[in-house]
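Counted from 1, the sequence shown has number 212 at position 98 by the numbering used here; the numbering is strictly sequential.
Where is the CB? At the ideal position from N, CA and C, for every residue including glycine.
The structure presented is a predicted model; accordingly, all values stated were derived computationally and were not measured.
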Amino acid sequence: MTALTLTPQEGGERLDAFLARRVEGLTRSAAQRLLEEGAVTCGGKPLKKSEKTVPGQIIQVALPDPEPVDVRPQDIPLDVVYEDEDVIVVNKPVGMVVHPAPGHPDGTLVNALLYHCGNSLSGINGELRPGIVHRIDRDTSGLIIAAKNDRAHLALAAQLQDHSLSRVYEAVAVGNFREDEGTVNAPIGRHPVDRKKMAVEPRNGRPAVTHWRVLHRYPGYTHVECRLETGRTHQIRVHLAYLGHPLLGDTVYGSKKPCPGLAGQCLHARRLMFRHPRTGERMELECPLPGYFQAVLDKLERMS
Numbered sequence: 115m116t117a118l119t120l121t122p123q124e125g126g127e128r129l130d131a132f133l134a135r136r137v138e139g140l141t142r143s144a145a146q147r148l149l150e151e152g153a154v155t156c157g158g159k160p161l162k163k164s165e166k167t168v169p170g171q172i173i174q175v176a177l178p179d180p181e182p183v184d185v186r187p188q189d190i191p192l193d194v195v196y197e198d199e200d201v202i203v204v205n206k207p208v209g210m211v212v213h214p215a216p217g218h219p220d221g222t223l224v225n226a227l228l229y230h231c232g233n234s235l236s237g238i239n240g241e242l243r244p245g246i247v248h249r250i251d252r253d254t255s256g257l258i259i260a261a262k263n264d265r266a267h268l269a270l271a272a273q274l275q276d277h278s279l280s281r282v283y284e285a286v287a288v289g290n291f292r293e294d295e296g297t298v299n300a301p302i303g304r305h306p307v308d309r310k311k312m313a314v315e316p317r318n319g320r321p322a323v324t325h326w327r328v329l330h331r332y333p334g335y336t337h338v339e340c341r342l343e344t345g346r347t348h349q350i351r352v353h354l355a356y357l358g359h360p361l362l363g364d365t366v367y368g369s370k371k372p373c374p375g376l377a378g379q380c381l382h383a384r385r386l387m388f389r390h391p392r393t394g395e396r397m398e399l400e401c402p403l404p405g406y407f408q409a410v411l412d413k414l415e416r417m418s
């Protein structure tokens, strides 16, 4: 049981926001679940989500012990780009799913990390798991970072929120861009009809910003670099399709006809920049273009 005594300045705040701010390792969504379960009390009385904090109030929070996830470790080879006691950065291949899900119960990056990291797991939100901070699609290759303890997880999650954790992708898009660089600032939300897709949704979407620049032009195609300022689901795919330049091989947001030689969209997470959660050192990691991506560029070069 954790007891929190409110200061005179802490009145009038939403309870979930207050708990997420004051309890280390607790997210706002996890705080809401605790409130719904009656695990947050004052004077023995459960507090409701609709209530707000009162100065001088003593709030007690019953935090659950971390429980192992029902995912088995698997000895799957990993291309580890960087690793220490706090973080691990992996170059994920095309076709590997990050988290187990219906249709993909194993063979995922999480299964591989559970085996590789052993007991080095974060316990954020009452769940023992590798601290996956951000995700990339199954058919996107490249760098992804995971935290090996709670302190690192919280620090990296904060950097993701304030945009100091930066991700740079390379992609091949269909068509030729008129400009050499630009920014897409268009909110992204669930597609109003097809709920499996995302879309630019000005009214109900969440803020999404992608900076892009042309690396090379080919007849009918463009090799571009994209830097994410936010991290919405399918952000680059949605934003470039919104510009009229869907990714080559993207059968969800572009042509429905698969591209020969591609398992999915031609998109690679090339560089990752972040502050080390323990030392504060600025880290910049890079991985080469994978074979499938380079083969596309070579083919386009020959066609030029």
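Item: With a CB to CB cut of under 6 Å and the five nearest residues on each side skipped, what residues in its chain are close to valine 323?; Value: Asn299, Glu343 and Thr344
Item: Using C-beta distances below 8 Å, list every residue in its chain close to glycine 289, excluding the 5 sequence neighbours before and after it, in chain order.; Value: Gly334, Tyr335, Thr336, Gly358 and His359
Item: Would you mind sorting aspartate 189 into buried or exposed? The rule is 16 or more other CB atoms within 10 Å of its CB.; Value: exposed
Item: So leucine 192 packs on valine 204, CB below 8 Å; how close in whole Å?; Value: 5 Å
Item: For phenylalanine 291 and lysine 163, what's the separation of their Cα atoms in angstroms?; Value: 48 Å
Item: For glutamate 398, which beta-bridge partners are listed by DSSP?; Value: Met387
Item: Per DSSP, what are the beta-bridge partners of glutamate 415 in this structure?; Value: According to DSSP, which records beta bridges pairwise, glutamate 415 is partnered with nothing at all.
Item: Are alanine 134 and alanine 117 closer than 8 Å when you measure CB to CB?; Value: no
Item: How is the alpha helix (DSSP H) around arginine 147 delimited, first residue to last?; Value: 142-150
Item: Give the secondary structure of glycine 405 by DSSP, where H, G and I count as helix, E and B as strand, and everything else as coil.; Value: helix
Item: Can you list, in chain order, the residues of its chain with a C-beta nearer than 7 Å to that of arginine 320? Leave out the 5 residues immediately preceding and following it.; Value: Pro301, Ile302, Gly303 and Arg346
Item: Taking just the CA atoms, how far does methionine 417 sit from aspartate 264?; Value: 50 Å
Item: Can you name, in chain order, every residue of its own chain whose Cβ lies under 8 Å from the Cβ of leucine 361, other than the five neighbours on each side?; Value: Ala285, Val286, Ala287, Val288, Ile350, Arg351, Leu354, Ala355, Tyr367, Gly368, Gln379, Cys380 and Leu381
Item: Can you check whether the C-beta of glutamate 199 is within less than 8 Å of a C-beta belonging to chain B?; Value: The structure shown contains no chain B, having only a single protein chain.
Item: Return the first residue and the last residue of the beta strand (DSSP E) that leucine 118 is part of.; Value: 116-119
Item: One question on the structure: do isoleucine 259 and phenylalanine 407 come within less than 8 Å of each other, judged by their Cβ atoms?; Value: no
Item: Report back the beta-carbon spacing between proline 216 and valine 224 to the nearest angstrom; my notes put them in contact at under 8 Å.; Value: Not quite, the Cβ-Cβ distance comes to about 15 Å (not below 8 Å), so this is no contact.
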